[in-house]
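With UniProt numbering, letter number 255 in the sequence shown gets 255, and the count goes up by one each step, no holes. Written out below as structure tokens is the structure these notes cover.
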Amino acid sequence: MGISTEQWRGAIGMFIHRGHSANRDPSAYRNSPVSLRLIQQLLMRAGIETNPGPNPLEATDAMHELGHQIVACNKDGELTKQAELMCKLGNEYAELGKETADGWHFNWAAALFNSAKQRIENDQVTNSDSHCNVDYINQQLQQIETDFLKTVCKENTEPTLSCTKKYKEEIEKLREYSNETVNAIHINDMQIDSVTSEMTIENEDKTIAHSKAYYDKLIEFIISLYNTMLGDCISVLAAPKCKYAILGLGSLAQKEATAWSDLESAILYDPGDKTENEIKEIKQEFRTLVHYFHMKIINLGETLINNLDIPVLNDFNDKLPKHLKNNDFYDTITKRGLSFDGTQPKASKTPFGRQSTQNPNKCTGLELIMTVEEMAQCQQEDVSIKEGYHLSDVLLTSTLIKGDLALWEQYNNKVHTILASPSANNPNISIGRGRGLETLTEDLENYIRNPLAPESFSKKIHTKHTIYSAIETFKQEEVRIESLTTKGHEIKLSDVKYNIARVYLSQGEYNIAIKYINESMILLKQLYGDHHNIRLANSLSLISIAYDSKGDYNRSIQNHEESLTMKKLIHGDHPHTDIAASLNNIGSAYQSKGDYNKSIKYHEESLTMRKLIHGDHPHTDIADSLNNIGTAYESKGDYNKSIKYHEESLTMMKLIHGDHPHTDITASLNNIGSAYQSKGDYNKSIKYHEESLTMMKLIHGDHPHTDITASLNNIGIAYQSKGDYNKAIKYHEESLTIRKLIHGDHPHTDIANSLNNIGIAYQSKGDYDKSIKYYEESLTMKKLIHGDHPHTSTANSLANIGFVYYAMGEYKVAMNYYNKSLVIFKQVHSNNDHPDIQNLDHWIRLAEEKRNI
Numbered sequence: 001m002g003i004s005t006e007q008w009r010g011a012i013g014m015f016i017h018r019g020h021s022a023n024r025d026p027s028a029y030r031n032s033p034v035s036l037r038l039i040q041q042l043l044m045r046a047g048i049e050t051n052p053g054p055n056p057l058e059a060t061d062a063m064h065e066l067g068h069q070i071v072a073c074n075k076d077g078e079l080t081k082q083a084e085l086m087c088k089l090g091n092e093y094a095e096l097g098k099e100t101a102d103g104w105h106f107n108w109a110a111a112l113f114n115s116a117k118q119r120i121e122n123d124q125v126t127n128s129d130s131h132c133n134v135d136y137i138n139q140q141l142q143q144i145e146t147d148f149l150k151t152v153c154k155e156n157t158e159p160t161l162s163c164t165k166k167y168k169e170e171i172e173k174l175r176e177y178s179n180e181t182v183n184a185i186h187i188n189d190m191q192i193d194s195v196t197s198e199m200t201i202e203n204e205d206k207t208i209a210h211s212k213a214y215y216d217k218l219i220e221f222i223i224s225l226y227n228t229m230l231g232d233c234i235s236v237l238a239a240p241k242c243k244y245a246i247l248g249l250g251s252l253a254q255k256e257a258t259a260w261s262d263l264e265s266a267i268l269y270d271p272g273d274k275t276e277n278e279i280k281e282i283k284q285e286f287r288t289l290v291h292y293f294h295m296k297i298i299n300l301g302e303t304l305i306n307n308l309d310i311p312v313l314n315d316f317n318d319k320l321p322k323h324l325k326n327n328d329f330y331d332t333i334t335k336r337g338l339s340f341d342g343t344q345p346k347a348s349k350t351p352f353g354r355q356s357t358q359n360p361n362k363c364t365g366l367e368l369i370m371t372v373e374e375m376a377q378c379q380q381e382d383v384s385i386k387e388g389y390h391l392s393d394v395l396l397t398s399t400l401i402k403g404d405l406a407l408w409e410q411y412n413n414k415v416h417t418i419l420a421s422p423s424a425n426n427p428n429i430s431i432g433r434g435r436g437l438e439t440l441t442e443d444l445e446n447y448i449r450n451p452l453a454p455e456s457f458s459k460k461i462h463t464k465h466t467i468y469s470a471i472e473t474f475k476q477e478e479v480r481i482e483s484l485t486t487k488g489h490e491i492k493l494s495d496v497k498y499n500i501a502r503v504y505l506s507q508g509e510y511n512i513a514i515k516y517i518n519e520s521m522i523l524l525k526q527l528y529g530d531h532h533n534i535r536l537a538n539s540l541s542l543i544s545i546a547y548d549s550k551g552d553y554n555r556s557i558q559n560h561e562e563s564l565t566m567k568k569l570i571h572g573d574h575p576h577t578d579i580a581a582s583l584n585n586i587g588s589a590y591q592s593k594g595d596y597n598k599s600i601k602y603h604e605e606s607l608t609m610r611k612l613i614h615g616d617h618p619h620t621d622i623a624d625s626l627n628n629i630g631t632a633y634e635s636k637g638d639y640n641k642s643i644k645y646h647e648e649s650l651t652m653m654k655l656i657h658g659d660h661p662h663t664d665i666t667a668s669l670n671n672i673g674s675a676y677q678s679k680g681d682y683n684k685s686i687k688y689h690e691e692s693l694t695m696m697k698l699i700h701g702d703h704p705h706t707d708i709t710a711s712l713n714n715i716g717i718a719y720q721s722k723g724d725y726n727k728a729i730k731y732h733e734e735s736l737t738i739r740k741l742i743h744g745d746h747p748h749t750d751i752a753n754s755l756n757n758i759g760i761a762y763q764s765k766g767d768y769d770k771s772i773k774y775y776e777e778s779l780t781m782k783k784l785i786h787g788d789h790p791h792t793s794t795a796n797s798l799a800n801i802g803f804v805y806y807a808m809g810e811y812k813v814a815m816n817y818y819n820k821s822l823v824i825f826k827q828v829h830s831n832n833d834h835p836d837i838q839n840l841d842h843w844i845r846l847a848e849e850k851r852n853i
């Protein structure tokens, strides 16, 4: 029967259980961590023990309680207290690391101390009695590195703080280059034509070419930094005992990384003629190297601890005992920058790989420390289908960070050979082509399921380089598909034109967007004739958004209504998100047009349908409808109803997102602030707008963002209404400064609006010369943006200049501006009943009367 469990335990002694204790006796742990691991492996290999799963020492009840207190202690003025709790938990994991020799425990400790440092440096209410200060934390980080290296009998003579300072100086140079080059591209290349109000092909080509050169050099800088850090690690640990190649994956390999991107990576090694035991030893040495490299990255202070799977804070990989709940911590203080890819099962593109999965068909873990043959096999159809194409796609493109160039080239050749081989599913095409078609099909289906709104682009496209690269890619695909003649390719050509339109629409190039949408719809009508289909309905919705953005509200409504009719024919009497979206879009178009009763009617129909679809479950679609109704009531002048709907929307957004800062919540806070502003309760308005601004800064950090400028702008408007013109100007100028950083010299409505708002404040203050100066700058920019096309924004600027001249007593000049404004309003609204027209008629009569006195 073999040796019993009791005999094994009697022979080696019982494993010591570590309970929580503030004062630990190191002598209580007689067995070394390495011995404990070897004994455990022997037990498992002999079949005496099974894999124990979650390590209970990583998540004791006391540790979990510390995690709970950290989550609860997340308010202004409590950052030092939260930092102290993080230091306590960090000490727990540092001690555990000494006992287990597990690199994760040391790195969790390092991450907690770095996060504590961020909080101490950010806390405006300092606690002089706290022992948890920056000097103490730096000492602990030094001790963590020292203790980690002791587990492999190594020592680093260069202090931790000195190393970190050296790396940070390189990062600052890298980011300085990034900011200067991007600004230069914005100023020199991203110019719009004064006639068409669009970028010329020449400027587009310059933008793309200079963006490519920028990314090429930036990637060189980033790889050089990682190479230096890895070189420092290897100089301490000793070089691996085999040929190896440390690969950069994802955005680094695709030359799309920024100076703030996380690192996706993997390790190739050449086993040569090594024995099985030697290979195990080599792989363990690579794990140690990666943990050490990770520690150096963590010490840069830009890693969010909620991405590290510290079980008592965020239990991504099911390490908590069953009786403990996930504390679900969200790090709102640490400014995210250079870091490792997260440890979530769907992320984990690091040598550590995926540590768990909810998919029963996958192996529980997948480490990315592999031979050339093993890693190349991830491109085989059976592996890529089982793991999902994302892993195969990530491993398909790589760049060499450090190691053997020939080994990396061998891997690339192997990958290309596999992708060029015939597909088992369809021998007429290659594995690579088959996978590409599968990916394209999935993408197109996603586009169909999720109709576009321009704001969608802010979620995935973060740089203008990416946008113009996307345009270039789509155009190349357009040319390629146009050479084909089958019906299937015509559908794909229509989709490509649709996507080109989406990109141009997101950049405010409305005329080019409309051109491509029309081309897409012509193809669809040729294919389907009078038969209704969702592609055509979505194209009608998209062109409506473009017309709305141009200020052509009647054509926008016409296309939205046609899209709605088609969607109703497709889906019948069943409530459907497509129909609800169209009702919502028509409501928004009527809102823009100024017909608030019709706007409310359509938004309420959309809300009713969304409630039928989602029932009592909180959903962003329902919250959006409540928000839109609130906005319409505000425009109508019914401020109490507006506040009621906006508060309902805010309540639902908080139910959806919990305590995590989110732009949905900031938008609702902002809308309530605007409603109180319209109602005349300026103090409440400022309160809500400042809440929104605070959360925006938590979300976006120091990065310039349009959300932050909008909040600054709204606070400025509230102070303007309150009569505090100096504060109004201060906030509007802050908003203008950031908007210029974002958009550079490229004319943009946000910049024009900021100039206009500063003009309003100076007018109210009685400084008419400065007021006219800002109004005229705003008007000039609006004319560049809208050209000869009539737009309410241009009309409002003309009217504003007229109001200043009226206040100065120059009634003839005022009438001249009023009449120019009136011409545009009549072109836009196509009737004389609109409030804009009636209001201007009133001012023209007043000016005429004053002039005749």
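Here a beta-carbon is modelled for each residue, glycine too, at the ideal position from N, C-alpha and C.
| Asked | Found |
| --- | --- |
| Quick one: residues in its chain with C-beta nearer than 6 angstroms to the C-beta of N800, no 5 flanking neighbours on either side, listed in chain order? | Y775 |
| Exposed or buried, which one is R739 when buried takes at least 16 other CB atoms within 10 Å? | buried |
| Check for me: the beta strand (DSSP E) holding L263 runs from which residue to which? | 262–269 |
| I think A589 touches S544, with their Cβ atoms under 8 angstroms apart; what is that distance to the nearest whole Å? | 7 angstroms |
| Mark R845 as exposed unless 16 or more other C-beta atoms lie within 10 angstroms of its C-beta, in which case mark it buried. | exposed |
| Please return the same chain residues whose Cβ sits closer than 7 angstroms to the Cβ of G615, not counting the five positions on each side in sequence. | none |
| Check for me: the beta strand (DSSP E) holding A675 runs from which residue to which? | Where A675 is concerned, there is no enclosing beta strand (DSSP E), although the alpha helix (DSSP H) it sits in stretches over 663–679. |
| If you draw a straight line from the C-alpha of W408 to the C-alpha of P575, how long is it? | 54 angstroms |
| Assign G723 to one of three DSSP states: helix, strand, or coil. | coil |
| By how many angstroms is the C-alpha of S539 removed from the C-alpha of Y818? | 38 angstroms |
| Quick check on P321: buried or exposed, where buried means 16 or more other Cβ atoms within 10 Å of its Cβ? | exposed |
| DSSP three-state label for T60, please. | coil |
| Across the segment 141–151 and the segment 103–120, are there enough close Cβ pairs to call them in contact, namely three or more that are closer than 8 angstroms? | yes |
| Suppose the cutoff is 8 angstroms on Cβ atoms and the five residues either side in sequence are ignored; what does the same chain contact list for H462 look like? | Only weak support is given to the placement of H462: the predicted model assigns it a pLDDT of 35, under 50, and the value that follows is read from those uncertain coordinates. So the list reads T258, once near-sequence residues are dropped. |
| Which residues in the same chain as Q118 place their Cβ atom closer than 7 angstroms to its Cβ, once the five residues preceding and following it in sequence are excluded? | G301, I333, T334 |
| Let's see if you can read the secondary structure: which residues bound the beta strand (DSSP E) around T399? | 399–403 |
| Output needed for G802: all residues of its chain with C-beta closer than 6 angstroms, excluding positions within five of it in sequence on either side, in chain order. | A814, Y817, Y818 |
| How is the beta strand (DSSP E) around I310 delimited, first residue to last? | Looking at the DSSP string, I310 is not in any beta strand (DSSP E), and its letter there is neither H nor E. |
| Looking at the secondary structure, which residues open and close the alpha helix (DSSP H) in which G248 lies? | Where G248 is concerned, there is no enclosing alpha helix (DSSP H), although the beta strand (DSSP E) it sits in stretches over 244–249. |
| Give me whichever residues DSSP pairs with M370 in a beta bridge. | L268 |
| For residue 866 versus L249, is the C-beta distance shorter than 9 angstroms? | Absent from the model: residue 866. The displayed extent of the chain is 1 to 853, so no value can be given. |
| Leaving out the 5 sequence neighbours to the left and right, which residues in its chain are closer than 8 angstroms to D745 when beta-carbon positions are compared? | H186, I187, M190, Q191 |
| Would you mind reading off the limits of the alpha helix (DSSP H) that contains C73? | It is not in any alpha helix (DSSP H) - C73 carries neither H nor E in the DSSP assignment. |
| Evaluate the contact criterion for the segment 156–166 versus the segment 209–223: three or more CB pairs, one atom per stretch, below 8 angstroms. | no |
| I'd like to check one pair, A62 with G90: are the Cβ atoms closer than 9 angstroms? | no |
| I'd like to check one pair, Q677 with N714: are the Cβ atoms closer than 9 angstroms? | yes |
| With a 10 Å radius around its C-beta and 16 neighbouring C-beta atoms as the bar for buried, classify Q763 as buried or exposed. | buried |
| Buried or exposed, going by whether 16 or more other CB atoms sit within 10 Å of the CB of D135? | exposed |
| Measuring straight from C-alpha to C-alpha, what distance separates Q344 and L308? | 8 angstroms |
| Taking only three categories from DSSP, how would you classify N839? | helix |
| So, does the segment 660–677 touch the segment 696–713, judging by three or more C-beta pairs under 8 angstroms? | yes |
| Kindly list the residues whose CB is nearer than 6 angstroms to the CB of L324, restricted to its own chain and excluding five residues on each side of it in sequence; keep chain order. | H64 |
| Quick one: which unbroken alpha helix (DSSP H) runs of 4-plus residues sit fully inside the segment 704–779? Chain order, please. | 706–722, 725–743, 749–765 |
| What number of angstroms, rounded off, separates the C-alpha of A83 from the C-alpha of L304? | 14 angstroms |
| Report yes if the C-beta distance between I297 and F340 is below 9 angstroms; otherwise report no. | yes |
| Buried or exposed: where does E155 fall if 16 or more other Cβ atoms within 10 Å of its Cβ makes it buried? | exposed |
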